[in-house]
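The numbering of the sequence shown is this note's numbering, which starts it at 121 and goes up by one. Ideal Cβ placement from N, Cα and C applies to all residues, glycine included. Computed from a predicted structure; not experimentally measured. Shown next, in structure tokens, is the structure this report addresses.
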Amino acid sequence: MRWFLFVAAAVAAAVPAQSIPLLLVSGQNNHDWSYTSAEIQGALEDCGQFAVTRTNKPHQDLGALDLSKFAAIVLDYNGDRWGSDAERAFLAAVEGGTGVVVVHAANNAFPGWKEYEALVGLCWRDGTGHGAYHPFAVHVVDAAHPITQGIDDFHMHPDELYHQLVPMPGADYRVLMSAFSDPKTGGTGRFEPMATVAHYGKGRVFHTPLGHTWTGQLPTRATWRDPQLRHLLARATEWAATGAVTLPPSAPNCLSTAEAQEGFALLFDGRTLDGWRGYQQKGTPAQGWRVRHAAIEHQAQGGGGDLITADRFSDFDLRFQWRVESGANSGVIWHVLETEEQTYMTGPEYQIYDDLTEKPEPQHGAGALYDLVPNTGAKIQPAGTWNDGRILLHKGRVEHWLNGVRLLDVPCVGPEWEAMVAASKFRAWPFGRATNGHIALQDHGDGVAYRSLRIKRL
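Here is the structure:
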């Protein structure tokens, strides 16, 4: 678990210059705060934008620290008042421009602290409630705000749906998202606000009543396993901290509404290697591969061999994101059989490469059909940033796409294909003959990461 107790000296530690410094406030809650705070920290760190410091003793730390060093304060706290020094320091920081993110039961906190109530805007007070824990849709009602601009409605998000939150005196908030509180699940029969924004002094405030997990009720942990909520939190925190949102609208490792309707499925859940195993192995490799920052990552010189899907596929539309370290090499290999020593002896390869550093031949560059068809027209993102890849295999033809550009469209059966193979390094192997097989992520010894692997069988 990724939760830590930070006292003043630890909180004052330096953070990477390129990261946005955040303070996560936890330590008391009527919910499972040890779990939720770890998940909140993980959701923020996974996107690569933030350096998160955590305190479980806000009554001590908030008054002792220079809170202006944090771009935003994230609240997963519902408990005792912090005391006058800590509360004055918190309000002074927010009035001076430090952002605030209020998560779920933090809107229950501090009845009678008028400044806090005005900052949150909508609080759990007398008359507030919720129905049964259940999955429900969350709708964007204000698509013009930077947080919600371009994002999809949430599809079947599992959570508590707070209803009849009470507007606080002096509050001036804007509703970004709402959900229908269905009487069948104990709701009000109305749409209830699920995300709001406001300002308090110079500080930007984001508030969501989403994010419920009860202590001892493991099924409710599904709330924070939903990439839709995790991505909303990251976008909202970036806005609260900076006033802008640079994170993409689409949540990683999550199907869009259109993809779900079209029949796509996820090959990676963002948290585990379920559905994957080592090539010619019964389980996942003991080394090399790991899930880190919501991606399947191979560590440079980590070993482990190639990773393959447990399932086999014939025709398909595979969409994925990939990122390499400087100079790194890997590949996505399809129609792999486990009859030979290496995956590439049977399966054609979508090349993954840092072209900007290594300057390979076009037939070996990123997005190429390795050693067979060059990557004409490829537009590569620099090492350390994400690229969008796509392999479309249908009715004897294969297309490779990179960052929205189709690089090639060629036959993968018949005389033209056989001639290409005969002129390549693969001619001595049973290469490219299978009509179905596994999909492999190649261990080429370098640092590479994959995420948002979505596939549709054709």
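Measuring alpha carbon to alpha carbon, tell me which of the options ends up nearest residue i.
{"i": "V533", "options": "L527, I416, L513 and R526", "result": "L513"}
{"i": "H283", "options": "E460, D205, T248 and Y490", "result": "T248"}
{"i": "L185", "options": "F388, P287, L143 and V411", "result": "L143"}
{"i": "T555", "options": "W521, H455 and E538", "result": "H455"}
{"i": "P531", "options": "G552, G524 and F546", "result": "G552"}
{"i": "Q501", "options": "R201, I472 and E481", "result": "I472"}
{"i": "Y293", "options": "A318, P313, G309 and H277", "result": "A318"}
{"i": "L457", "options": "Q483, L522 and G557", "result": "G557"}
{"i": "P368", "options": "S157, Q169, L338 and P339", "result": "Q169"}
{"i": "F210", "options": "W233, G425 and T377", "result": "W233"}
{"i": "H151", "options": "A226, A378, P255 and G424", "result": "A226"}
{"i": "D508", "options": "H520, L285 and A380", "result": "H520"}
{"i": "T357", "options": "I559, G565, C167 and L578", "result": "C167"}
{"i": "H250", "options": "D563, H224 and A498", "result": "H224"}
Confirm the yes/no value for this check: CB of residue i, any heavy atom of the ligand GTP, distance under 7 angstroms.
{"i": "T305", "result": "Questions concerning the ligand GTP fall outside what the structure shown contains, since it holds no ligand whatsoever."}
Could you please give the first and the last residue of the uninterrupted beta strand (DSSP E) stretch that includes residue i?
{"i": "K479", "result": "No beta strand (DSSP E) holds K479; DSSP gives it neither H nor E."}
{"i": "D166", "result": "Where D166 is concerned, there is no enclosing beta strand (DSSP E), although the alpha helix (DSSP H) it sits in stretches over W153 to D166."}
{"i": "M540", "result": "From DSSP, M540 is part of no beta strand (DSSP E) but of the alpha helix (DSSP H) over P535 to A542."}
{"i": "R510", "result": "N507 to H514"}
{"i": "G423", "result": "Taken as a continuous stretch (DSSP letters only), G423 belongs to no beta strand (DSSP E), as it is neither H nor E."}
{"i": "Q441", "result": "F436 to V444"}
{"i": "A192", "result": "A192 to L195"}
{"i": "T316", "result": "F311 to Y320"}
{"i": "P255", "result": "H254 to V260"}
{"i": "G398", "result": "W396 to G398"}
{"i": "M297", "result": "Y293 to F300"}
{"i": "A171", "result": "F170 to T175"}
Distance check for residue j and residue i, CA to CA, integer angstroms please.
{"i": "R443", "j": "Q400", "result": "25 angstroms"}
{"i": "V220", "j": "T496", "result": "47 angstroms"}
{"i": "T305", "j": "Y253", "result": "8 angstroms"}
{"i": "I140", "j": "F190", "result": "8 angstroms"}
{"i": "P303", "j": "W537", "result": "60 angstroms"}
{"i": "G485", "j": "T404", "result": "28 angstroms"}
{"i": "I428", "j": "A206", "result": "52 angstroms"}
{"i": "R526", "j": "R355", "result": "30 angstroms"}
{"i": "R345", "j": "A163", "result": "10 angstroms"}
{"i": "A371", "j": "H351", "result": "5 angstroms"}
{"i": "R397", "j": "Q462", "result": "15 angstroms"}
{"i": "A406", "j": "N149", "result": "38 angstroms"}
{"i": "A315", "j": "P329", "result": "7 angstroms"}
{"i": "G309", "j": "A299", "result": "10 angstroms"}
{"i": "F311", "j": "S301", "result": "6 angstroms"}
{"i": "S376", "j": "R208", "result": "43 angstroms"}
{"i": "A488", "j": "G565", "result": "19 angstroms"}
{"i": "P287", "j": "C243", "result": "7 angstroms"}
{"i": "R574", "j": "Q483", "result": "25 angstroms"}
{"i": "P255", "j": "G307", "result": "13 angstroms"}
{"i": "E280", "j": "G424", "result": "41 angstroms"}
{"i": "E235", "j": "D246", "result": "18 angstroms"}
In chain order, what residues of the same chain have a beta carbon less than 8 angstroms from the beta carbon of residue i, not counting five sequence neighbours either side?
{"i": "G147", "result": "W153, T175, N176, K177, P178, Y197 and G199"}
{"i": "T459", "result": "T466 and P550"}
{"i": "G567", "result": "E417, H418, Q419, A420, V444, E445 and A448"}
{"i": "G203", "result": "H179 and G183"}
{"i": "R547", "result": "V541"}
Go through its chain and collect everything with a Cβ distance to residue i's Cβ below 6 angstroms, but skip five positions before and after it.
{"i": "A213", "result": "L187 and S188"}
{"i": "E469", "result": "G451, I453 and Y490"}
{"i": "G447", "result": "D474, T477 and E478"}
{"i": "V222", "result": "L195, V240 and H327"}
{"i": "P339", "result": "none"}
{"i": "V359", "result": "Residue 359 is actually Trp in this sequence, not Val. The answer, listed in chain order, is P266, I267 and V365."}
{"i": "I559", "result": "T429 and W454"}
{"i": "S544", "result": "D491 and L492"}
{"i": "R439", "result": "R510 and R574"}
{"i": "R517", "result": "P531"}
Using a Cβ-Cβ cutoff of less than 7 angstroms, which residues in the same chain neighbour residue i once the five nearest sequence positions on both sides are dropped?
{"i": "E382", "result": "K576"}
{"i": "F274", "result": "A257, V258 and Q348"}
{"i": "D262", "result": "T268, R294, V295 and L296"}
{"i": "N373", "result": "P347, L386, F388, D389, G390, A414, R571 and S572"}
{"i": "V172", "result": "L142, L144, Q161, L164 and E165"}
{"i": "G270", "result": "P369"}
{"i": "R341", "result": "Y155 and T333"}
{"i": "L578", "result": "D435, F436, D437 and H514"}
{"i": "A192", "result": "L142, T218, G219, V220, V221, T357, A360 and A361"}
Mind checking which residues open and close the alpha helix (DSSP H) that includes residue i?
{"i": "K234", "result": "K234 to V240"}
{"i": "H564", "result": "First-last for H564: undefined, no H or E at that position."}
{"i": "D181", "result": "P178 to A184"}
{"i": "S204", "result": "S204 to G216"}
{"i": "L353", "result": "P347 to T362"}
{"i": "E519", "result": "Run containing E519: none in the alpha helix (DSSP H); it sits in the beta strand (DSSP E), R517 to L522."}
{"i": "T632", "result": "Since the first residue of the chain shown is 121 and the last is 578, residue 632 is not available in this structure."}
- Message: Would you call the segment 310 to 325 in contact with the segment 220 to 239, where contact means no fewer than 3 C-beta pairs closer than 8 angstroms?
- Response: yes
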